[in-house]
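Chains as they are written, first to last, in my numbering: chain A, 37 to 161; chain B, 412 to 820. The next block holds one structure in the form of structure tokens; read it before the comments.
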């Protein structure tokens, strides 16, 4: 019995040591983006492009389009290596990256058919 | 009889005025004006503004006191300070190459001697460098061939969860006259912010190769960690002969060949400190090694730049100009069709002297670093041509909705 307890304590000490000695990577952050063109609405209601800067937390960046309602071509850009065009939801592009660098992300309508269009997606960094 | 003579005289006067109008309307536009008109670009209204020019000395002495403003919806800063400008140049920088030759120096500087580097291949041509990870990841160092550098001391530095996000971020803008005579209370002791700024400035100047540019602190953010201790972020701008390099604007758009490319870029140095005189994070966006160009001494004056700006802003209400910054806009020369990185080693970056109108349009309280461009929009007026460039397309919603850009966040 004492042997079992001893083994159990050994395993616990090992696990705690692993956690303490090996730093884990910081959890990736997620931000959403939205674009929209509303036919007939005042221009102040339209969001035709989006741009923000972040500091990379992990060694992977991904930029995705989850949904496009209507017909549109959307340009997706990040300063660490993404430059692509999406025409439908479910598109995701990801690249490996460096940690602690400033990441500029930009999403904009390249084309849309002047009818109401909504698009949204996500940046993970 | 007198009436007939009077009518005849009136007729002659009207005919003479008509003749003068016809003749002056047919005058050829001077060539230099014509050439400039081609360069006005986006500024459709520039032809309605009479340009006044100044020389470098007059630019240095520019003041808001004598400026006439016509738009009461625009709130301007009380002061501008252009006195630090040594020269205004037209020309281009070349991005440094083989910056990784500095690796031993930086490994020693960040106490990472003996750590084996691994080649890091970038996603675009010219984005390569070396990564160093001491204990699986942290401390972490990346050195790019183009002078891009990132050092992160530990995971807490990038983890926003270590910051108390219920506490207000104290933001200090040195250009706006904010005091740096305040006490910082770190976990390992206290010191005055001015001392800490001096330490970081010396650290950069003495240890980091920043090419032919100088550095100056611009902004400081102070946050509280979960135990109530201060965490300090600083933003240093790069300067060339006293003029600031663009540190906050960016433009990604279509070039002449229909390729998406970075049309306008920026450079700065960001630093975070969690302890006294201890750099926990430093990021350098890249380094310029040389400049080729010539000094210019005929510049559009501030009054004209404000007229151009006001025409551009005519459709907006309640705009707050936080600062008017004399700044070099940075326009990279590269080939996106070949999957080239705009900041590849050896690439050319053209500079354009500009009056940059920094406009409030949102709040960025990101728990790490300083990302000043997120909370402001820009209207850049070229000092030589009067051409206007803005990022209103990206910031339009936030501007129109009085800073509420949370919808797209």
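Positions of the beta carbon are idealized from the N, C-alpha and C atoms, including for glycine. Predicted, not measured: the structure shown is a model, and the values here were computed from it.
8 Å Cβ cutoff, residue 455(B) in contact with chain A: Summary for residue 455(B): the model assigns pLDDT 44, below 50, so the residue's position carries little reliability, and this model does not support an answer.
Residue of 604(B), 651(B), 606(B), 607(B) minimising C-alpha distance to residue 622(B): 651(B)
Unbroken stretches of the beta strand (DSSP E), 3 residues or longer, contained in the stretch 81 to 121 of chain A: 85 to 91, 96 to 105, 108 to 114
Beta-carbon contacts of residue 372(B) that lie in its chain and below 6 Å, excluding the five residues immediately before and after: Absent from the structure is residue 372(B), since the part of chain B shown begins at 412 and ends at 820.
Interface partners of residue 563(B) on chain A, CB under 7 Å: 135, 136
8 Å Cβ cutoff, residue 551(B) in contact with chain A: yes
Residue 468(B): first and last residue of the uninterrupted beta strand (DSSP E) it sits in: Looking at the DSSP string, residue 468(B) is not in any beta strand (DSSP E); the run it does join, the alpha helix (DSSP H), is 467 to 471.
Local conformation of residue 611(B) per DSSP, three classes: helix
C-beta contact flag for residue 146(A) and residue 114(A) at 8 Å: no
Spatial distance of residue 149(A) from residue 126(A) (CA atoms): 20 Å
Which residues DSSP lists as bridging residue 600(B), in chain order: 597(B)
7 Å Cβ cut-off: residues of chain B touching residue 85(A): 804, 805
Where residue 700(B) sits in the DSSP three-state scheme: strand
Cutoff 8 Å: residue 73(A) Cβ touching any chain B Cβ: no
C-alpha distance - residue 120(A) paired with residue 759(B), whole-angstrom precision: 24 Å
Rounded distance between the beta-carbons of residue 503(B) and residue 723(B), thought under 8 Å: Not a contact, Cβ separation roughly 27 Å.
Status (buried if at least 16 other CB within 10 Å, exposed otherwise) for residue 465(B): buried
For residue 151(A), three-class secondary structure by DSSP: coil
Chain A contact for residue 820(B) (CB, 8 Å cutoff): At residue 820(B) the pLDDT is 31, less than 50, meaning the model places this residue with poor confidence; the figure from the coordinates comes in the next sentence. Answer yes: the Cβ-Cβ gap between residue 820(B) and chain A drops below 8 Å somewhere.
Coil, strand or helix - residue 134(A) by DSSP: coil
Residues that DSSP places opposite residue 791(B) in a beta bridge: 767(B), 800(B)
Interface residues of chain A facing residue 531(B) [CB-CB closer than 9 Å]: 132, 134
Cutoff 7 Å; reference residue 778(B); Cβ partners in own chain excluding five residues on either side: 571, 574, 576, 634
Of the residues 485(B), 486(B), 556(B), 794(B), the one placed nearest residue 737(B), counting alpha carbons only: 794(B)
Contact with chain A by residue 727(B), beta-carbon distance below 8 Å: no
Of the residues 525(B), 544(B), 485(B), 509(B), the one placed nearest residue 537(B), counting alpha carbons only: 509(B)
DSSP three-state assignment for residue 584(B), whether helix, strand or coil: strand
Minimum Cβ-Cβ distance from residue 632(B) to chain A less than 8 Å: no
Residue 829(B) - DSSP class collapsed to helix/strand/coil: The structure shown does not extend to residue 829(B), since chain B spans only 412 to 820, so no value can be given for it.
Residue 98(A): contacting residues in chain B (beta-carbon distance under 9 Å): What residue 98(A) touches in chain B: nothing, since even the nearest Cβ is about 12 Å away.
Rounded straight-line distance, which links the Cα of residue 581(B) to that of residue 696(B): 24 Å
Cutoff 7 Å; reference residue 600(B); Cβ partners in own chain excluding five residues on either side: 687
Under 7 Å from the C-beta of residue 91(A): neighbouring residues of chain B: 569, 779, 780
Separation of residue 87(A) from residue 98(A), as counted between CA atoms: 15 Å
CB of residue 355(B) within 8 Å of CB of residue 646(B), strictly: Past the edges of chain B, shown from 412 to 820, lies residue 355(B), and the structure says nothing about it.
Extent of the continuous alpha helix (DSSP H) run through residue 714(B): 713 to 723
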